[in-house]
Amino acid sequence: MIKLEGSQLAARIKQDVQTAIERMVQEQDVRPGLAAVRVGDDPASAIYVRNKIRACEEVGIYSEHHALPESTTTAELLELIASLNARDDIDGILTQLPLPPQIDETVIIEAIDPAKDVDGFHPVNVGRLALGRPVFVPATPIGIIELLDDYGVEIRGANACVVGRSQIVGRPMAQLLLQRDATVTVCHSRTRDLAAVTQTADLLVVAIGRAGFIGRDHIKPGATVIDVGMNRVSDPDEVRALFGGEADRRLDVLAKRGATLVGDVHPAEAAEVAGKLTPVPGGVGLLTVAMLMKNTLKAAMLRRQ
Ligand code: NAP
8 MIKLEGSQLA ARIKQDVQTA IERMVQEQDV RPGLAAVRVG DDPASAIYVR
58 NKIRACEEVG IYSEHHALPE STTTAELLEL IASLNARDDI DGILTQLPLP
108 PQIDETVIIE AIDPAKDVDG FHPVNVGRLA LGRPVFVPAT PIGIIELLDD
158 YGVEIRGANA CVVGRSQIVG RPMAQLLLQR DATVTVCHSR TRDLAAVTQT
208 ADLLVVAIGR AGFIGRDHIK PGATVIDVGM NRVSDPDEVR ALFGGEADRR
258 LDVLAKRGAT LVGDVHPAEA AEVAGKLTPV PGGVGLLTVA MLMKNTLKAA
308 MLRRQ
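Numbered per the working numbering, the sequence shown spans residues 8 to 312.
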């Protein structure tokens, strides 16, 4: 089984972005800018935003972190978005999801200028992708395509199955695979006999948010399996059941940090059947931030064309 590691590719993508930004600063006196907006105190969101800001610093993107209180209203957030839309030094705007329940997520996403929508969530960008003319594509699925290309995994003609139909991962993933001439099936929580469908896939992408859910019986022998899930597991017995030979190392992580990360794919079972598999952590997650940097550079270039 070949591990599809994301670290080297992510580093290369960030290096290319950095080089392009240095040239932009030198030749046009322009530095791309990204505004990250976060509402409330969700600790996972705080970590995600911090990682994105850190990546901006690495590649030379100017960044702002707007952390608003949990009680923020839709109107207040709209006001901030409008001011960011109007600023010339801000090329990309992202609102870290999920937003607190009193905020209308759809209204906020639709308020972002599509030219600054580096997350690719605005209906204009979703529509462009569906039409096969993508501009900004959500970072996780486009990062997966880069990873598949980097490892020379054939997409054209493959039977591809995407499990999960979220706006962030599943749906755009299916669109991108279709655009690359795969035969695509999308599964979700109402799919009858999930394993019967996933077993036919040469290329299986899983994004459901359930620790180790996809097991041996879901996977076609030799298939390429992309595990998007990021779930925290803190029960030592569950860790032993999921990680097989790697369990001791994971139990050490658990003892130090109180939890360890596991994907939606059962790592020990998948390792027996899959031909290629993304590790968690160390696979898809690293590419997501790198692709966000690439999208921000793209926004800065397109806005100045
Ligand atoms: P989401 O919005 O929670 O959607 C989950 C999807 O999975 C839904 O379409 C749901 O079906 C489907 N589903 C749930 N249980 C299922 C089951 N038993 N069988 C088949 N389908 C099932 O998910 P998301 O935002 O895409 O996130 C999924 C996972 O990826 C999470 O672990 C998240 O943390 C991770 N993630 C990682 C990255 C990264 O950078 N690595 C980025 C984004 C997300 P219905 O539509 O029928 O409800």
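Where is the CB? At the ideal position from N, CA and C, for every residue including glycine.
I need the straight-line Cα distance from residue i to residue j, nearest angstrom please.
{"i": "residue 115", "j": "residue 188", "result": "33 Å"}
{"i": "residue 45", "j": "residue 73", "result": "6 Å"}
{"i": "residue 301", "j": "residue 140", "result": "18 Å"}
{"i": "residue 49", "j": "residue 55", "result": "10 Å"}
{"i": "residue 76", "j": "residue 101", "result": "17 Å"}
{"i": "residue 267", "j": "residue 285", "result": "16 Å"}
{"i": "residue 123", "j": "residue 251", "result": "45 Å"}
Any heavy atom of the ligand NAP inside 6 Å of the beta-carbon of residue i?
{"i": "residue 295", "result": "yes"}
{"i": "residue 172", "result": "yes"}
{"i": "residue 291", "result": "yes"}
{"i": "residue 226", "result": "no"}
{"i": "residue 102", "result": "no"}
{"i": "residue 213", "result": "no"}
{"i": "residue 175", "result": "yes"}
Might you give, ordered along the chain, the residues of its own chain that have their beta carbon closer than 8 Å to the beta carbon of residue i, omitting 5 neighbours on each side?
{"i": "residue 164", "result": "188, 189 and 190"}
I'd like the span of the beta strand (DSSP E) that includes residue i, first residue to last.
{"i": "residue 79", "result": "No beta strand (DSSP E) holds residue 79; DSSP gives it neither H nor E."}
Indicate, with yes or no, if the ligand MN has a heavy atom lying under 6 Å from the CB of residue i.
{"i": "residue 237", "result": "Within the structure as shown, the ligand MN is missing, the only ligands being the ligand NAP."}
Less than 7 Å separating the beta-carbons of residue i and residue j?
{"i": "residue 278", "j": "residue 232", "result": "no"}
{"i": "residue 219", "j": "residue 249", "result": "yes"}
{"i": "residue 304", "j": "residue 27", "result": "yes"}
{"i": "residue 83", "j": "residue 42", "result": "no"}
{"i": "residue 213", "j": "residue 133", "result": "no"}
{"i": "residue 181", "j": "residue 209", "result": "no"}
Could you name the residues of the same chain whose beta carbon sits closer than 6 Å to that of residue i, not counting the 5 residues immediately before and after it, in chain order?
{"i": "residue 280", "result": "223, 226 and 228"}
{"i": "residue 150", "result": "294, 295 and 298"}
{"i": "residue 256", "result": "none"}
{"i": "residue 288", "result": "268"}
Can you give me the Cβ contacts of residue i inside the same chain, cut-off strictly under 7 Å, excluding the 5 residues immediately before and after it?
{"i": "residue 147", "result": "175, 176, 235, 291 and 295"}
Quick one: give me the first and last residue of the alpha helix (DSSP H) that residue i is part of.
{"i": "residue 152", "result": "146–157"}
{"i": "residue 255", "result": "254–264"}
{"i": "residue 177", "result": "177–186"}
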